[in-house]
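**Q** Which chain is which? The protein sequence lines are Z and W, in order. My numbering puts the first residue of the first sequence at 2, with every later residue one more than the last. My numbering puts the first residue of the second sequence at 2, with every later residue one more than the last. By construction, the Cβ of each residue, glycine as well, lies at the ideal position given by its N, Cα and C atoms. Quick one: the structure is below, and I'll ask about it shortly.
2 protein chains.
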Amino acid sequence: MKIPVEISARHVHLSKKDFERLFGRNNELISIKKLSQPGEFATKETLTMINQDKKMENVRILGPLRKNSQAEISLTDAYKLKLAPIPKIKVSGDLANTTKILVMGPKSSVKIPCIIAQRHLHCSDKEAKRLRVKNNQKISIRIKGTREITFHNIIVRISKDYRLSLHLDTDEGNAAGIFRKTFGEIVK
Amino acid sequence: MKIPVEISARHVHLSKKDFERLFGRNNELISIKKLSQPGEFATKETLTMINQDKKMENVRILGPLRKNSQAEISLTDAYKLKLAPIPKIKVSGDLANTTKILVMGPKSSVKIPCIIAQRHLHCSDKEAKRLRVKNNQKISIRIKGTREITFHNIIVRISKDYRLSLHLDTDEGNAAGIFRKTFGEIVK
């Protein structure tokens, strides 16, 4: 079974409260592109990430709004922003004990937890059955090419709302030399 | 046998002719740090890489001077510089049919071939025998950690002047979550 591979660039998820602070009360997130996971979308809205004299502009917000705000960046981004300590490599939503980053919107700025996302496989219950994987299991996926690579320690995340997709960050995508629509294969 | 892993940041090798053009005739490369490969060193000298309105400053020159100039950057760098077409993933020294990049020194600027370095293992004849690998063979090396990874398609480069070391670029190092002195292991 071929596993579709997707690369996530740096992005931000916001809580309703943080969104209202950053953009003003009467705005709403405007979807400009549906993402592969049902209900998820890229928005028109962007923020600027700031750490002392370093900044990264045009960081995309992904919708919908969530319970807690979080920023997801690559290690390359973390070094560029000179974040210290370097944010932890964590599963999305696990925001304990990681570095915070200042994000600036049109109305104000807030500090939110920042992580390096642990590589993970989204799949539905049905897909999980076919692949014989369980929730939170760690698996390995091999991706062919000039920069052929096997990613280990990929955490499986199963939900009826998910659709089969291996999520990597830009460092991982570049290390694997991924330029176009790419598929991987689970290896034992 | 543990394989030491080293990360190469973007850098430039220069021919004598290009070096003299960029810095003026009476200068010499000044070593500030020996590298793991005998005779190789980081120099005091840096250049600026330029592509249209994009630039990267303080790009290190590695010595000694070589027969041909070449720039080695990561895919992240290539995207940041908006290089088009994206430089080829190539073995160091193979400079045919790849994108050129403008490098600027204190005296002038020159266009030199630019590659994304193919991951490679340096080793001496003796180390190669112990590892049972041959020159130009493709091997796989696994690196443990939170971002555990197996790099395949690593080209073996044997020379009496080499010392055992897996060379990765910054994207590959970050994808593997390498923060400190790290070792890998050859896998079949």
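Tell me where the alpha helix (DSSP H) around N175(W) begins and ends.
**A** T171 to A176 is the extent of the alpha helix (DSSP H) around N175(W).
**Q** Within its chain, find whatever has a CB closer than 8 angstroms to the CB of K182(W); leave out the 5 residues flanking it on each side and keep chain order.
**A** Counting only Cβ-Cβ distances below 8 angstroms, and skipping sequence neighbours, we find P5.
**Q** Using a Cβ-Cβ cutoff of less than 7 angstroms, which residues in the same chain neighbour M2(Z) once the five nearest sequence positions on both sides are dropped?
**A** Correct list, in chain order: R131 and L132.
**Q** Compute the beta-carbon to beta-carbon distance between I62(W) and T49(W), rounded to the nearest angstrom, for a pair I have assumed lies under 8 angstroms.
**A** I62(W) to T49(W), Cβ: 12 angstroms. No contact.
**Q** Say whether chain Z places a C-beta atom closer than 8 angstroms to the C-beta of A176(W).
**A** A176(W) counts as touching chain Z.
**Q** When the Cβ atoms of the region 26 to 36 of chain W are set against those of the region 109 to 119 of chain W, are three or more pairs found closer than 8 angstroms?
**A** With a cut-off of 8 angstroms, the region 109 to 119 of chain W and the region 26 to 36 of chain W do not count as touching, because too few Cβ pairs lie within range.
**Q** Considering only the beta carbon of each residue, do V13(W) and V92(W) sit closer than 8 angstroms?
**A** Result no, Cβ atoms of V13(W) and V92(W) do not sit closer than 8 angstroms.
**Q** Return yes when the Cβ of A176(W) is within less than 8 angstroms of the Cβ of E7(Z), no when it is not.
**A** Taking 8 angstroms as the Cβ cut-off, E7(Z) and A176(W) do not qualify as a contacting pair.
**Q** Leaving out five residues on either side along the sequence, give the residues of the same chain with a beta carbon under 7 angstroms from the beta carbon of N137(Z).
**A** Correct list, in chain order: I156 and V157.
**Q** Could you pull out every residue in the same chain whose Cβ sits closer than 8 angstroms to the Cβ of E17(Z), ignoring the five residues on either side in sequence?
**A** This sequence places Lys at residue 17(Z); Glu is not what is there. If we look at K17(Z) and ignore the five residues flanking it on each side, its Cβ neighbours are L66.
**Q** Use the C-beta contact count for P86(W): other C-beta atoms within 10 angstroms, 16 or more gives buried, fewer gives exposed.
**A** Exposed, by the Cβ-count rule.
**Q** For R120(W) versus L76(W), is the C-beta distance shorter than 8 angstroms?
**A** No, Cβ-Cβ distance for R120(W) and L76(W) is not below 8 angstroms.
**Q** Taking its Cβ as the centre, do 16 or more other Cβ atoms sit within 10 Å of I179(W), making it buried, or is it exposed?
**A** Under this definition I179(W) is a buried residue.
**Q** Residue range of the beta strand (DSSP E) that F152(Z) falls in?
**A** Start and end: I150 to I159.
**Q** Can you give me the Cβ contacts of K139(Z) inside the same chain, cut-off strictly under 8 angstroms, excluding the 5 residues immediately before and after it?
**A** For K139(Z), where only same-chain residues beyond five positions count, the Cβ hits under 8 angstroms are H153, N154, I155, I156 and V157.
**Q** Starting from I147(W), find everything on chain Z with Cβ-Cβ shorter than 8 angstroms and list it in chain order.
**A** Here residue 147(W) is Thr; the residue named in the question, Ile, does not match the sequence. Within chain Z, the residues near T147(W) are I90, Q119 and N154.
**Q** Can you list, in chain order, the stretches of the beta strand (DSSP E) that have 3 or more residues and sit fully within the region 3 to 46 of chain W?
**A** As far as the region 3 to 46 of chain W is concerned, its whole beta strand (DSSP E) runs of at least 3 residues are 4 to 9, 12 to 14 and 32 to 35.
**Q** Give me the Cα-Cα distance between V134(W) and Y163(W), rounded to the nearest whole angstrom.
**A** For V134(W) and Y163(W), the distance between alpha carbons rounds to 14 angstroms.
**Q** If you count every other CB in all the chains shown that lies within 10 Å of the CB of D78(Z), and 16 or more means buried, which is it?
**A** D78(Z) should be labelled buried.
**Q** Are the CB atoms of A118(W) and S9(W) within a distance shorter than 8 angstroms?
**A** A contact, by the Cβ cut-off of 8 angstroms.
**Q** With distance defined between alpha-carbon atoms, name the residue in T99(Z), D54(Z) and A72(Z) nearest to T47(Z).
**A** Among T99(Z), D54(Z) and A72(Z), the Cα nearest to that of T47(Z) belongs to A72(Z).
**Q** Tell me, please, which residues DSSP counts as bridged to Q53(W).
**A** DSSP output for Q53(W) lists no bridge partner at all.
**Q** Can you pull the DSSP bridge partners for A79(Z)?
**A** According to DSSP, which records beta bridges pairwise, A79(Z) is partnered with nothing at all.
**Q** If I follow the unbroken alpha helix (DSSP H) through R143(Z), where does it start and stop?
**A** It is not in any alpha helix (DSSP H) - R143(Z) instead sits in the beta strand (DSSP E) that spans K139 to I144.
**Q** Report yes or no: is there a C-beta of chain Z within less than 8 angstroms of the C-beta of T100(W)?
**A** Judged by the 8 angstroms Cβ criterion, T100(W) is not in contact with chain Z.
**Q** From the DSSP secondary-structure annotation, give me the bridge partner or partners of G103(W).
**A** Strictly speaking, residue 103(W) in this sequence is Leu, with Gly absent from that position. L103(W) is bridged to I51(W) and K112(W).
**Q** What residues are listed by DSSP as bridge partners for G64(Z)?
**A** Paired residues: F42(Z).
**Q** Considering Cα atoms alone, identify which of R11(Z), E21(Z) and L15(Z) is closest to K108(Z).
**A** Closest by alpha carbon: E21(Z).
**Q** Suppose contacts are defined by Cβ-Cβ distances below 8 angstroms. Is A129(W) in contact with I102(W) by that definition?
**A** Their beta carbons are not under 8 angstroms apart, which means A129(W) does not touch I102(W) by this criterion.
**Q** Shorter than 8 angstroms from the beta carbon of L122(W) to some beta carbon of chain Z?
**A** No, L122(W) lies away from the interface with chain Z (no Cβ there is under 8 angstroms from its Cβ).
**Q** Drop a sphere of 10 angstroms on the beta-carbon of P88(W), count the other beta-carbons inside from all chains shown, and report buried for 16 or more, exposed for fewer.
**A** By the 10 Å Cβ count, P88(W) comes out buried.
**Q** Would you verify that the beta carbon of I150(W) is, or is not, closer than 8 angstroms to some beta carbon of chain Z?
**A** Taking Cβ atoms only, chain Z reaches closer than 8 angstroms to I150(W), which makes this a yes.
**Q** Using only CA atoms, which one of K189(Z), V188(Z), E149(Z) and H123(Z) lies nearest to L167(Z)?
**A** Comparing Cα-Cα distances from L167(Z) to each of K189(Z), V188(Z), E149(Z) and H123(Z), the minimum goes to H123(Z).
**Q** Determine the direct distance from the alpha carbon of K68(W) to that of K34(Z), and round the result to whole angstroms.
**A** Near 49 angstroms, if we compare the C-alpha coordinates of K68(W) and K34(Z).
**Q** Using three-state DSSP, classify K212(Z) as helix, strand or coil.
**A** This structure cannot settle anything about residue 212(Z), because the visible part of chain Z is limited to 2 through 189.
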